[in-house]
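Here's the structure, in structure tokens; my notes come after.
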Amino acid sequence: MRRARVKRPRLIVKTWGVLIVLPAPFREEVAYKIFKKHEKWILKKHEELRIAYEYSRKVKLMHRSRKELRELVEKYVEEAALKILGENPCKINIRKMRTRWASCSIRKTITVNELAKHLPEYLISYLAYHEVCHLVELRHNQEFWSCVEKQFKNYRELEKELLVYEVKLGLHD
Ligand SMILES: [Zn+2]
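Residue numbers (my numbering): 62 to 234.
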């Protein structure tokens, strides 16, 4: 449990346990209630992380420069944008992020975590496509996944593989 300047409670499953972030004033019963309410989901997430942790010891990391990563991201974002949007309005930003692979803004800037330089190329191409789909639909809903599915039918597997690298690179510590 951690007290923080947040408006609403947040629940984060880590490799080492569960973090419940609560707005102050802080009450233990609230944390317990949240835990109970989401217990099933927490256990499911925890199991996914446990499996990812097992695999993370076997996978090898790629070693690219930041420049090489940028070139790959530019190439795959362009391909995805032309396919999905018919044009490429995207700007690319590479920087270190602590908890996620990528994000995109309404200004069509796609920010990719520098740690993605350690991913195999097909996962970088998946990340690029995933983010460009977010320009069509922001949330991870049905419409979003059907955009992803047009290019990556196996996106569920790829998401699991990304999780393995997240654990390996410490994004869940
Ligand atoms: Zn997403």
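Ideal Cβ placement from N, Cα and C applies to all residues, glycine included. Since the structure is predicted, the reported quantities are computational estimates derived from the model, not experimental observations.
Close beta carbons around residue i, own chain, < 8 Å, minus the five adjacent residues each side
i    : result
H99  : L72
V79  : L72, I73, F96, I103, H107
Y187 : F213, Y216, L219, L223
Backbone CA spacing between residue i and residue j [nearest angstrom]
i    : j    : result
K231 : F205 : Note that residue 231 corresponds to Gly in the displayed sequence, not to Lys. C-alpha separation (whole angstroms): 27 Å.
C165 : E135 : 14 Å
L83  : G147 : 43 Å
V120 : E198 : 32 Å
L133 : N149 : 15 Å
K214 : Q203 : 14 Å
R127 : K178 : 7 Å
Proximity to residue i [Cα-Cα], best of the options
i    : options                : result
H233 : L104, E220, Y114, R156 : Y114
F87  : R69, T76, K101         : R69
T160 : V67, A85, P84, Y226    : Y226
C194 : A177, K101, E148, A142 : A142
V228 : V67, R66, K75          : K75
K211 : L176, H124, K144       : K144
E175 : Y187, H191, M158       : M158
K221 : L110, E90, V138        : L110
Sequence-distant residues of the same chain with beta carbon closer than 7 Å to residue i, five excluded per side
i    : result
L223 : W162, L184
R131 : I153, I155
L180 : M123, Y226
Burial state of residue i, where buried means 16 or more other Cβ atoms lie within 10 Å
i    : result
Y93  : exposed
A189 : buried
V67  : exposed
Cutoff 6 Å; reference residue i; Cβ partners in own chain excluding five residues on either side
i    : result
E192 : A163, C165, I171
C208 : C194, V197
Worksheet item: Counting pairs of Cβ atoms below 8 Å between the region 165 to 183 and the region 140 to 154, do you hit three or more?
Response: Yes: the two stretches touch, three or more of their Cβ pairs being nearer than 8 Å.
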